[in-house]
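One structure below.
Numbering (the numbering used here), first residue to last: 4 to 237.
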């Protein structure tokens, strides 16, 4: 009896969240990923805005005249409106990374609906028209796609992840991964909030090392708006 219950629970979990999550990841790789040989990188940042780190990151991007995409947690954005204003003024792209960074694998239909409703309301109040959505951990459930379609959002995953949120990584390790793993037309996922042991500070320091090398090697930088418009980056 216990085994039957366990099997039923596994089937429910698979059908509710794991299958939808990996179905979209496969679809992204095979269908939606833009194929281009342009030397363009798309820097994206999750889990902010953070009062301590995001401003420092914006300073660095401004220094190199780089436009990036910030997938913000709406509850954090509500508490840091001045940072959102700066992102807008400096022409960065602002996407959504959920209301409070809960994993969709374990959220109900009601919470999924609330997550999007509350997030969109907050971002509208902040003067941001959200076009792009990145689910926390890339996880979705069977109701996520309905909400994405309802709000006319584009779901965005990534090509490069460097584990910059980990507490035991180093600036050197992050820098090496960025330079070794990134190539033409890659969407790079980094973090300007949360993480262990002041992780965003190491991300910023790694970018201070990586950006000049990328530029020397001829890379340009653009946002998700550029990516999905599929226009040439000059």
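Just so it is clear, CB atoms sit at the ideal spot from N, CA and C, and this is done for glycine as well. None of these values were measured; they are calculated from a predicted model.
| query | What span of residues does the beta strand (DSSP E) with residue 82 cover, start to end? | reply | The sequence position of residue 82 within the chain shown is 79, counting from 1. Taken as a continuous stretch (DSSP letters only), residue 82 belongs to no beta strand (DSSP E), being part of the alpha helix (DSSP H) at 77 to 82.
| Would you report the Cα separation of residue 129 and residue 80, rounded to the nearest angstrom? | Stepping through the chain shown from its first residue, residue 129 is reached at position 126. Stepping through the chain shown from its first residue, residue 80 is reached at position 77. If I take the Cα positions, the gap works out to 8 Å.
| message | Going by DSSP in three states, residue 26 sits in which element: helix, strand or coil? | response | Here residue 26 corresponds to residue number 23 of the chain shown, with the count starting at 1. Looking at residue 26 - three-state DSSP - the assignment turns out to be helix.
| 6 Å Cβ shell around residue 133 - same chain, five flanking residues per side excluded | Residue numbering aside, residue 133 sits at position 130 when the chain shown is read from its first letter. Taken in chain order, the residues that qualify are 99 and 126.
| said: Please return the same chain residues whose Cβ sits closer than 8 Å to the Cβ of residue 202, not counting the five positions on each side in sequence. | reply: Start at 1 with the first residue of the chain shown, and residue 202 comes out as number 199. Counting only Cβ-Cβ distances below 8 Å, and skipping sequence neighbours, we find 167, 168, 169, 170, 172 and 194.
| Of the residues 147, 76 and 151, which one's Cα is nearest the Cα of residue 112? | Residue 112 sits at position 109 when you count from the first residue of the chain shown. When only C-alpha atoms are compared, the closest one is 147.
| message | Quick check for students: name the residue ranges of the beta strand (DSSP E) that lie wholly in the region 56 to 138, counting only runs of 3 or more. | response | 72 to 75 and 96 to 99
| request: Taking residue 184 and residue 165 to be in contact with their CB atoms under 8 Å, please state how far apart those CB atoms are, rounded to whole angstroms. | output: In the chain shown, residue 184 corresponds to position 181, counting from 1. In the chain shown, residue 165 corresponds to position 162, counting from 1. At roughly 7 Å, the Cβ-Cβ gap stays under 8 Å, so residue 184 and residue 165 are in contact.
| Are the C-beta of residue 208 and some C-beta of chain B separated by less than 8 Å? | The structure shown contains no chain B, having only a single protein chain.
| request: Keeping to the same chain, check which residues put their C-beta closer than 6 Å to that of residue 86; ignore five residues upstream and five downstream. | output: By 1-based counting over the chain shown, the position of residue 86 is 83. Within the same chain, residue 86 has close Cβ partners 52 and 57.
| task | If I'm right that residue 50 touches residue 104 with Cβ under 8 Å, what's the distance once you round it to whole angstroms? | result | The sequence position of residue 50 within the chain shown is 47, counting from 1. The sequence position of residue 104 within the chain shown is 101, counting from 1. Contact flag correct, Cβ pair sits at about 7 Å.
| said: Using C-beta distances below 6 Å, list every residue in its chain close to residue 228, excluding the 5 sequence neighbours before and after it, in chain order. | reply: Position 225 of the chain shown, counted from the first residue, corresponds to residue 228. Contacts found: 96.
| query | Do residue 43 and residue 187 have their CB atoms nearer than 8 Å? | reply | Looking up residue 43 in the chain shown gives position 40. Looking up residue 187 in the chain shown gives position 184. Cβ atoms of residue 43 and residue 187: closer than 8 Å.
| task | Report the residue from 207, 197 and 92 whose alpha carbon sits nearest the alpha carbon of residue 176. | result | Stepping through the chain shown from its first residue, residue 176 is reached at position 173. Minimum Cα distance to residue 176 is reached at 207.
| Looking at the structure shown, is residue 179 part of a helix, part of a strand, or coil, going by DSSP? | As a working mapping, residue 179 is identified with position 176 in the chain shown. Correct three-state label for residue 179: helix.
| Does the Cβ of residue 106 have 16 or more other Cβ atoms within 10 Å, making it buried, or fewer, making it exposed? | Position 103 of the chain shown holds residue 106. Label assigned to residue 106: exposed.
| request: Can you check the region 136 to 169 for any alpha helix (DSSP H) of at least 4 residues that lies completely inside it and give the ranges in chain order? | output: 147 to 153
| task | Rank 157, 225, 219 and 45 by C-alpha distance to the C-alpha of residue 35 and give the top, closest one. | result | In the chain shown, counting from the first residue as 1, residue 35 sits at position 32. Considering only alpha carbons, the answer is 157.
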